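Here this note's numbering is used: the first residue of the sequence shown is -2, the next is one more, and so on. These notes are about the structure you will find just below.
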Amino acid sequence: MAEYILQARNITKKFPGVLANDHINFDLKKGEIHTILGENGAGKSTLMNILDGIYYPNEGEIYINGKKANIRSPFDSMRYGIGMIHQHFMLVDTLTVLENVILGLKDQSFFINKKQIADKIIEISDKYKFDLKPFAKIWQLSVGEQQRVEIVKMLFRGADILILDEPTAVLTPQESEALFEILKKMKSEGKSIIFISHKLNEVMEISDRITVLRKGKVIGTVNKEETNPVELAKMMVGREVLFRLQRKPLERGEEVLKVENVEAYNDRGIKVLNKIGFTVHKGEIFGLAGVAGNGQKELAQVITGLRKATSGKVFLLGKDITNQHPLVIANSGTNYIPPDRLKVGLIPNLSSIDNAILRRYRKNPIGSGILVNYKKAREYTESLIEKFNIMVPRIDAPVKLLSGGNMQKLLLAREISENPALLIAVHPTRGLDIGATEFIRKKLLEVRDSGMAVLLISEDLDEILMISDRIGVIYEGRITGIMDAKDADVHKIGLLMAGSTEEESATVH
Ligand SMILES: Nc1ncnc2c1ncn2[C@@H]1O[C@H](COP(=O)(O)OP(=O)(O)OP(=O)(O)O)[C@@H](O)[C@H]1O
Ligand SMILES: [Mg+2]
């Protein structure tokens, strides 16, 4: 018994209309990294939220070090040494690192010794080489840095059972590598870690054991050494998954998007787009590769009107749309899958219906006059849910109750179904399980075949290479190279991403 630091026995959690966890048994050994794998909506986050005291199960028990634990709130889980990083971060943007770390601590006296706390944050931060400044505001930090704040927050509270719910979904490959080093160090210090990811290569790299869930049930637990990605995929989906896509030859048409010498600044006032220029044509997928933070986010914002270009021009189908209002640009035929589904893409407190028709409520037949035709809106939403295989608790439940991957599917369904001239897709398959990822990539190829121009912005080089027709590389706000996908490979793109010029990268071959 003592071998296990945490055991879940027969955990069952019902939500209205959904059996999210169905008699789950799960063991965590002391000092292991145990991955939970499963399709979108399989019940992973629900189980983790139960361990963290956010939800209380309908049935089942949790044992910590062999003794039955009574976890009814995150305070309780903290007492048992459990700390969790949620799928969607829970930091408060406008507060400092320090304020976020102490937020929600129970014994918050009026006389908090900020100096002492700052010292402790720096101590933890130094130990893991985080370089965090206790008095920096959260909004000033990159996503990777924000995640480190979450880790410091857990460690500050003395957690020795760490739960990380899809921590790498929002990280660059480099940041993920850095996180893995941190996890390995924590493990060597005897901490026990539960890790969730949809990326099988990561799972194979970091795990000691892997438990697979499907539709709320445990399918099995395997040792990493005794399994492989094909077997895991099969356990997860219940069938073989093919990682191959059929694609038709390119029929490149007229120019749909033209970005010309555009310059722009980021939120911190630093110039992040530096005379950037490229075109995207009808019927092609233009993949833009690059390490995050090289201007990708701001570029998408400038094209969609969410950020001002300080110089240069953006043309859509020959029409100058530079610095137009976002609604005007959207209505001229641009759809946008933003990187942050909960901040820009969806409205968490509104229902699936409201979110699905966000771009249609002014148009017939859903919007007629000033009224929204709810029957039509519901039918439309139902059709999206069916086509994109989205799991919703109820169609009129707030989308914040959907699992992470299902939110992403709803957003994708809405934006892809509009048939715009231009689709800008930023990390479209982020957080999707392997089946859904394959489905979305097929969809992107389908809309390309039907004549849409697609600008795909992704850090996932496999994704870029798999579906793009042409590939551009962005580095420090400039395009360092553009090539046909058939002439591209990971090595060549990798060099351009690191700032080499096209000539330099060509000579290395
Ligand atoms: N508070 C809630 N109310 C109603 N239904 C819920 C609630 N929380 C989760 N669900 C439902 O429970 C099911 C399991 O969701 P969960 O978030 O655990 O999935 P997941 O395995 O983490 O998926 P993903 O990989 O997409 O994050 C989903 O159908 C989800 O919609
Ligand atoms: Mg989840």
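For every residue, glycine included, the Cβ atom is placed at its ideal position computed from N, Cα and C. Computed from a predicted model, the values in this text were never measured in an experiment.
- Counting along the chain, the unbroken beta strand (DSSP E) around residue 206 starts and ends at 206 to 211.
- Within the chosen limit of 8 Å, ligand 1 does not reach the beta carbon of residue 8 with any heavy atom.
- Under DSSP, the beta-bridge partners assigned to residue 4 are 24 and 60.
- For a cut-off of 8 Å, the C-beta gap from residue 193 to residue 161 is around 7 Å, short enough to register as a contact.
- Taking the Cα positions, residue 100 is about 43 Å away from residue 311.
- The three-state reading of DSSP puts residue 116 in helix, counting H, G and I together.
- In the structure shown, residue 432 falls within a helical segment according to DSSP collapsed to helix, strand and coil.
- Counting only runs that start and end inside the segment 420 to 501, the beta strand (DSSP E) elements of at least 3 residues fall at 450 to 454, 467 to 472 and 475 to 481.
- For residue 100, the Cβ stays outside the 8 Å cut-off from all heavy atoms of ligand 1.
- Residue 414 carries a coil assignment under DSSP once its states are collapsed to helix, strand and coil.
- As the crow flies, the alpha-carbon of residue 298 is around 14 Å from that of residue 268.
- Excluding its 5 nearest sequence neighbours in each direction, residue 40 has C-beta neighbours in its own chain below 6 Å: 17, 18, 210 and 213, listed in chain order.
- In this structure, residue 450 and residue 227 do not form a Cβ contact; the two beta carbons are roughly 35 Å apart against a cut-off of 8 Å.
- Judged by DSSP in its simplified three-state form, residue 45 adopts helix.
- Put simply, the segment 278 to 288 does not touch the segment 315 to 325. Fewer than three CB pairs are less than 8 Å apart.
- Residue state for residue 271 is assigned as strand, using DSSP reduced to three classes.
- In the three-state reduction of the DSSP assignment, residue 218 falls in the strand class.
- Closest by C-alpha distance to residue 92, out of 121, 131, 245 and 55, is 131.
- Between residue 385 and residue 409, the beta carbon gap of about 7 Å places them in contact (Cβ cut-off 8 Å).
- Comparing alpha-carbon positions, the option among 178, 231, 302 and 203 lying closest to residue 216 turns out to be 231.
- Taken atom to atom, the span from the alpha-carbon of residue 332 to that of residue 421 is near 6 Å.
- Remark: C-beta atoms of residue 33 and residue 208 approach each other more closely than 9 Å.
- Taking 8 Å as the cut-off, the C-beta of residue 116 does not count as close to any heavy atom of ligand 2.
- In chain order, 467 place their CB closer than 7 Å to the CB of residue 481, counting only its own chain and leaving out the 5 sequence neighbours on each side.
- DSSP places residue 331 in the uninterrupted beta strand (DSSP E) bounded by 331 to 334.
- DSSP places residue 170 within a helical segment (H, G or I) once states are collapsed to three.
- One alpha carbon belongs to residue 159, the other to residue 176, and they sit about 13 Å apart.
- Relative to residue 288, the option among 491, 245 and 382 whose CA is nearest is 491.
- Distances between the C-beta of residue 75 and the heavy atoms of ligand 1 are all 8 Å or more.
- DSSP, read as helix, strand or coil, puts residue 159 in strand.
- Taking a contact to require three or more Cβ pairs closer than 8 Å, the segment 388 to 400 and the segment 326 to 345 qualify as touching.
- Residue 9 sits in a strand when the DSSP states are folded into three classes.
- Spanning the alpha carbons of residue 264 and residue 59 requires a straight line of approximately 45 Å.
- Between residue 307 and residue 260 the beta-carbon gap is near 5 Å, inside 8 Å, which marks them as a contact.
- In this structure residue 46 is buried. Its beta-carbon is surrounded by 16 or more other beta-carbon atoms within 10 angstroms.
- Taken in chain order, the complete alpha helix (DSSP H) segments of 4 residues or longer contained in the segment 298 to 349 are 323 to 328.
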